[in-house]
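Asker: Residue numbers (the working numbering), protein chains in the order written: chain A, 4 to 358; chain B, 347 to 876.
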Amino acid sequence: MRRKRMMAAVMAAIVVGSLAFLTRLLEPKYMGRIVEGALIAEYYQETTDHDVIFIGDCEVYENFSPITLWEEYGITSYIRGSAQQLIWQSYYLLEETLQYETPEVVVFNVLSMQYNEPQRESYNRMTLDGMRWSMSKVRDVLASMTEEENFLDYVFPLLRYHSRWSELTADDWTYLFHKDKVSHNGYYMRVDEKPAGTFPKPKKLGNYQFGDTAYAYLDKITGLCRENGIQLILIKAPSLYPAWYEEWDQQMEEYARDNQVPYINFLDLQEEVGLDFATDTYDGGLHLNLSGAEKLSRYFGKILQQEYGLEDHRQEADLAAVWQEKTEFYHQMQAQQEQELQEYGYIRKFSEEEE
Amino acid sequence: MLFTSYTFIGFVFLLFALYYTVPARWQWRLLLAAGYVFYLASGWKNCVFILVTTVSTYVLARRIGAYHMQQESYLKEHKKEMSREQRKDYKAGIKRRQRRLLLAGLLLNFGILAVLKYTNFAIHNVNLLLSAAGSARQVPTADLLLPLGISFYTFITMGYLIDVYRAKYPAEQSLGKLALFVSFFPQLVQGPINRFDDMKETLFSPHKPDRQEIAFGLERMLWGYFKKLVIADRMLTGVTAIVGDPQTYGGIYVFVGMMFYALQLYADFTGGIDITIGIAQVLGIRVKENFLRPYFSKNIAEYWRRWHISLGSWFTEYIFYPVSVCQPMLNLSRFSRKHLGDYVGKRMPVYMASLAVWFTTGIWHGASWNFVVWGLLNGLIIILSQECEPLYARFHRRFHVDGTFGYRLFQVVRTVLLMSSLRMLDCYRDVPLTFRMFGDMLLHSRPSQLFDGRLMSLGLTAADYGVLTAGTVVLVGASLLGRKGSVREMLSRKPAAVRWAAVYGLFLCTLVLGAYGVGYDSSQFIYNQF
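#1: Pull the bridge partners of residue 237/A from the DSSP assignment, please.
#2: Please list, in chain order, the chain A residues whose beta carbon lies closer than 9 angstroms to that of residue 860/B.
#3: At which residues does the alpha helix (DSSP H) containing residue 655/B begin and terminate?
#4: Given this structure, state the Cα-to-Cα distance separating residue 452/B from residue 691/B, to the nearest angstrom.
#5: Under 7 angstroms, CB to CB, which of the residues in the region 128-155 of chain A have a partner in chain B?
#6: Buried or exposed: which applies to residue 868/B, given that a residue is buried once 16 or more other Cβ atoms fall within 10 Å of its Cβ?
#7: Distance check for residue 776/B and residue 199/A, CA to CA, integer angstroms please.
#8: Please state the DSSP three-state secondary structure of residue 639/B.
#9: At a CB distance below 8 angstroms, what residues from the region 166-180 of chain A approach chain B? Give them in sequence order.
#10: Assign residue 291/A to one of three DSSP states: helix, strand, or coil.
#11: Tell me whether residue 47/A sits in a helix, a strand or coil according to DSSP, three-state version.
#12: Is there a C-beta anywhere in chain A that falls below 8 angstroms from the one on residue 561/B?
#13: Can you check whether the C-beta of residue 818/B is within less than 8 angstroms of a C-beta belonging to chain A?
#14: Alpha carbons only, please: which of 117/A, 195/A, 70/A, 103/A is nearest the one belonging to residue 352/A?
#15: Beta carbon of residue 656/B, beta carbon of residue 471/B: below 8 angstroms?
#16: Please classify residue 868/B: does DSSP put it in a helix, a strand, or coil?
#17: Looking only at its own chain, which residues have a Cβ that is under 7 angstroms from the Cβ of residue 179/A, when we skip the five neighbours before and after it?
#18: By a C-beta neighbour count over all protein chains shown, 10 Å radius and 16 as the cutoff for buried, is residue 876/B buried or exposed?
#19: Report the three-state DSSP secondary structure of residue 81/A (helix, strand or coil).
#20: Closer than 8 angstroms is the cut-off here; do at least three beta carbon pairs connect the region 689-706 of chain B with the region 665-675 of chain B?
#21: Just checking: is the beta-carbon of residue 350/B within a distance shorter than 8 angstroms of some beta-carbon in chain A?
#22: Identify whether residue 55/A lies in helix, strand or coil by the three-state DSSP scheme.
#23: In its own chain, which residues sit with a C-beta less than 6 angstroms from the C-beta of residue 347/A, not counting the 5 before and 5 after it?
#24: Determine, for residue 354/A, whether the minimum Cβ-Cβ distance to residues of chain B falls below 8 angstroms.
#25: Between the alpha carbons of residue 787/B and residue 799/B, how many angstroms are there, rounded?
#26: Determine, for residue 124/A, whether the minimum Cβ-Cβ distance to residues of chain B falls below 8 angstroms.
#27: I'd like to know if residue 811/B contacts chain A, where contact means its C-beta is closer than 8 angstroms to some C-beta of that chain.
#28: Going by DSSP, name the residue or residues bridged to residue 187/A.
#29: Output yes or no for whether 8 angstroms exceeds the beta carbon distance between residue 64/A and residue 90/A.
#30: Using 8 angstroms as the threshold, is the C-beta distance between residue 764/B and residue 646/B below it?
#31: To the nearest angstrom, how far is it from the Cα of residue 829/B to the Cα of residue 636/B?
#32: If you drop the 5 nearest sequence neighbours on each side, which residues of the same chain put their C-beta closer than 6 angstroms to that of residue 476/B?
#33: Any idea if residue 3/A is buried or exposed, counting beta-carbon neighbours within 10 angstroms, 16 or more meaning buried?
#34: Measure the C-alpha to C-alpha separation of residue 118/A and residue 223/A and round it to an integer number of angstroms.
#35: Near residue 343/A, which residues of its chain fall below 6 angstroms by C-beta distance, leaving aside the five closest residues on each side in sequence?
#36: In whole angstroms, what separates the C-alpha of residue 238/A from that of residue 810/B?
Quick look at the structure:
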């Protein structure tokens, strides 16, 4: 009897161990050229609260630098953003964030208002896989799944990633049990430059009206901030592409007016910010590079400080120590990218030539 | 609810748990409810058809059965006062009434099947004739739904009705039990086409959980999923690429496609049946085997006795025998003996009945000419091979190769190649194209084409080919082992750790190597379409 029990225990351990090992091995690590899938999970390593939480898509995590906000204004901030983050994903990430802390300001980038339905599985996974399990995540997954997806694939990622067995790379083994930090409080750093060129003429749309679902989640974000006494700021980042239509802008202005929340369209403030799309973007105007993100952060930091009265925490020893470490890592990565750029003409990590 | 969907797997495991929790006398009712839940998942409208078939069969079978009883008691009661002639007349009267009821059942149910499955095929052919006659008129096709498993449950119920008519067993008195027999969900989508007398005992009796049987059932299910997900669904990519682009993939690639499809179909269909039998076994229900290593057959006739056994035996019992002894066939035999001699006259009814069976087998598989031609070609090859038997006998008298390993291997390879060639009709689903590609395979087949890079453009990577090769080796190995007895029983005699390692290894292989989930097109079992 005892032997049988022992054997059952050993078998159970082998089953659990092997499945856990396979899951870890086969899950994408996002440590190579595509790091966007690693952004969401890094939030859980935070040890201190933040004055500002940014939520949104690439237009927040590539355009704002929390380190600059700290260095210039002593404002603590974190970007909970991921690639093509849909509005309901931003809402549920905010809901989850509020389980950990209550910021003074939440900044939401409104580009995702254009999507009223789930879009792509690969982007869903980059946003949702990194989230810790909670009711927010459950609701987020249910709201985000495309038709081809299944909830169980999120519960047991092995069911989703099993087919990666034939695509495993050295990274999958290197990052089996640990991951490198890839962001700076959610900010994705790029120091390279690619001047903005011409973009295809924006397509005429049949209907410019934002969808009901998008509005419903925007209402939820507004409501959640109001309930928690948080100042919500709606922004449209100054990315030149994809197109931000005049009709969309009007709807946002109207919404902001009706709900008494500020709305800042940075596309109209490029000169005031000091952006030069010949040098401040790394991909031809879609996203800002470090120089552009720092300019935008300096400009926005002033607004946060002057109009919303956010305090300067640089004199608080505990916080300063934490941010000192972050700042060092930031400048270290900046130096390394600049050096690689000088040496190779590209940043090795993000270059196809290195693959 | 696909067998390979999470929903189905969840549904089945929930059922297993409930099945052994409810009082044993409620088990068959639970299965009936499960059958209808499963069926409802395919659309509530489908349920109307299965209900009509079930209720009509129940009513008619009971009426036919009642006539049997009436006849028996009447004859017993009036045994002494009735002359032989009177008894014969009375029986004939009863038979007439029973036959009318049987015909009503057959017409109604085969009628439903014919209308739903074959109307558009008929319209398509009428349109072809109209075009050929130069008419611009075209009959519009009908928008008809094809209820899940209709070919299977219609054959199951009609087999039952005929058996009751033949007094093979009495009619089932409980509508619920008959409904369970018809809607037993594991067999609904791809068979086997079970017989009532084989199933009634095992299906309606209470079952206590038997650890060994449950383990065997789960292992059988796992083996089925391995075949379906690791082999069949992976192979599907290659088959689809080759068949979908005949311009690019001619010559040797036709042969590659043909062999890929042979393997895919085998893994798909037997995998599905393994899941069916496995589920039933966990529930304590014994379902007859539907395959007996068919690719190891020495000829096509034997192949058909070992492939989809339940369908073959259904056709033999309900079409071949009645057709070969029906009055017109006997007349034809007499006519043939008189005008063409004894040899032809003796064979005529058998061959005509064979062709009828093969025509029906073909059209049962699908409402298109490729299936009809496929069925008839099967029949013709079997007839030809029977006619050539004297030649074979002479060959064997001269060369003593019969029974040698080399000759047996030759026979097996021949069967595989012949059956795979015929299956090309199923693959390309276009008769002229199939013959053209077959010709291309024979006339322009250059093996060097295999190394021109196209093999890697079929949507299969080197890793996929590796998995398919290993999977096929496992499949053939298991079949070879299976000749000595049940592989699972052999495994059960090994130490527990060995058994567990083998089963868990198979589970991990299926989990990791299976072609399922996002990025793969979830494919139905091929036989679901029939």
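From the three backbone atoms N, C-alpha and C, an ideal C-beta is built for every residue, glycine too.
Answerer: According to the data block:
#1: Residue numbering aside, residue 237/A sits at position 234 when the first sequence is read from its first letter. In the DSSP assignment, the residues bridged to residue 237/A are 111/A, 266/A.
#2: Counting from one through the second sequence, the residue named residue 860/B turns up at place 514. Within 9 angstroms Cβ-Cβ: 165, 166.
#3: Working through the second sequence from its first residue, we reach residue 655/B at position 309. In the DSSP assignment, residue 655/B falls within the alpha helix (DSSP H) that extends over 655-661.
#4: Counting from 1 along the second sequence, the entry for residue 452/B is found at position 106. Counting from 1 along the second sequence, the entry for residue 691/B is found at position 345. Distance from the CA of residue 452/B to the CA of residue 691/B, rounded to the nearest whole angstrom, comes to 31 angstroms.
#5: Contact annotation: in the region 128-155 of chain A, residues whose CB is within less than 7 angstroms of a CB in chain B are 151, 152, 153, 155.
#6: Along the second sequence, read from residue 1 onward, the residue named residue 868/B stands at position 522. With a pLDDT of 48 at residue 868/B, under the threshold of 50, the modelled position of this residue cannot be trusted; read the value that follows with caution. With fewer than 16 Cβ atoms within 10 Å of its Cβ, residue 868/B is classed as exposed.
#7: Your numbering for residue 199/A matches position 196 in the first sequence. Your numbering for residue 776/B matches position 430 in the second sequence. Roughly 54 angstroms between the two C-alpha positions.
#8: Translated into the one-based positions of the second sequence, residue 639/B becomes position 293. It is coil, neither helix nor strand.
#9: When C-beta distances to chain B are compared with 8 angstroms, the residues of the region 166-180 of chain A below that value are 166, 168, 169, in chain order.
#10: Looking up residue 291/A in the first sequence gives position 288. Here residue 291/A sits in strand by DSSP.
#11: The count along the first sequence starts at 1 and reaches residue 47/A at position 44. DSSP places residue 47/A within a helical segment (H, G or I) once states are collapsed to three.
#12: For this step, residue 561/B is matched to residue 215 along the second sequence. So, not an interface residue.
#13: For this step, residue 818/B is matched to residue 472 along the second sequence. Contact with chain A is absent for residue 818/B, since none of that chain's Cβ atoms lies less than 8 angstroms from the residue's Cβ.
#14: Within the first sequence, the letter at position 349 stands for residue 352/A. Proximity to residue 352/A across 117/A, 195/A, 70/A, 103/A peaks at 195/A, based on C-alpha coordinates.
#15: Within the second sequence, numbered from 1, the residue matching residue 656/B stands at position 310. Within the second sequence, numbered from 1, the residue matching residue 471/B stands at position 125. In terms of Cβ geometry, residue 656/B and residue 471/B do not form a close pair [threshold 8 angstroms].
#16: Taking the second sequence and counting its residues from 1, the one referred to as residue 868/B is at position 522. Bear in mind that a pLDDT of 48 at residue 868/B, under 50, signals an unreliable position, so the model cannot answer this.
#17: Translated into the one-based positions of the first sequence, residue 179/A becomes position 176. Cβ within range, chain order: 27, 28.
#18: Here residue 876/B is taken as the residue at index 530 of the second sequence, counted from 1. Any reading at residue 876/B must be qualified, since the residue scores a pLDDT of 49, below 50, and its modelled position is unreliable; no value is offered.
#19: For this step, residue 81/A is matched to residue 78 along the first sequence. Correct three-state label for residue 81/A: strand.
#20: Judged by pairs of C-beta atoms under 8 angstroms, the region 689-706 of chain B touches the region 665-675 of chain B, as three or more such pairs exist.
#21: Walking along the second sequence from the start, residue 350/B turns up at place 4. Residue 350/B does not count as touching chain A.
#22: Translated into positions along the first sequence, residue 55/A becomes position 52. Correct three-state label for residue 55/A: strand.
#23: Here residue 347/A refers to the residue found at position 344 of the first sequence. Shown here for residue 347/A: not one same chain residue has a beta carbon closer than 6 angstroms to its own, the five before and five after excluded.
#24: What you label residue 354/A is simply residue 351 of the first sequence in a count that begins at 1. Not one chain B Cβ lies under 8 angstroms of residue 354/A.
#25: On the second sequence, position 441 is the one that residue 787/B refers to. On the second sequence, position 453 is the one that residue 799/B refers to. Distance between the alpha carbons of residue 787/B and residue 799/B: 18 angstroms.
#26: The count along the first sequence starts at 1 and reaches residue 124/A at position 121. The Cβ of residue 124/A sits closer than 8 angstroms to at least one Cβ of chain B.
#27: Position 465 of the second sequence holds residue 811/B. No, no contact with chain A.
#28: Residue numbering aside, residue 187/A sits at position 184 when the first sequence is read from its first letter. Answer by DSSP bridge pairing, in chain order: 190/A.
#29: Counted from its first residue, the first sequence places residue 64/A at position 61. Counted from its first residue, the first sequence places residue 90/A at position 87. Cβ distance not < 8 angstroms, so residue 64/A and residue 90/A don't count as in contact.
#30: By one-based count along the second sequence, residue 764/B stands at place 418. By one-based count along the second sequence, residue 646/B stands at place 300. Yes. Within cutoff.
#31: Locating residue 829/B in the second sequence gives position 483, where the first residue counts as 1. Locating residue 636/B in the second sequence gives position 290, where the first residue counts as 1. The straight-line gap separating the alpha-carbon atoms of residue 829/B and residue 636/B is approximately 15 angstroms.
#32: In the second sequence, residue 476/B corresponds to position 130, counting from 1. Counting only Cβ-Cβ distances below 6 angstroms, and skipping sequence neighbours, we find 483.
#33: Outside the displayed range of chain A (4 to 358) lies residue 3/A, so it cannot be described from this structure.
#34: Counting from one through the first sequence, the residue named residue 118/A turns up at place 115. Counting from one through the first sequence, the residue named residue 223/A turns up at place 220. The alpha-carbon atoms of residue 118/A and residue 223/A are separated by roughly 16 angstroms.
#35: For the purposes of this step, residue 343/A is taken as the residue at position 340 of the first sequence. Cβ neighbours of residue 343/A beyond the five flanking positions: 350, 351.
#36: Within the first sequence, residue 238/A is the residue found at index 235, counting from 1. Within the second sequence, residue 810/B is the residue found at index 464, counting from 1. The alpha-carbon atoms of residue 238/A and residue 810/B are separated by roughly 48 angstroms.
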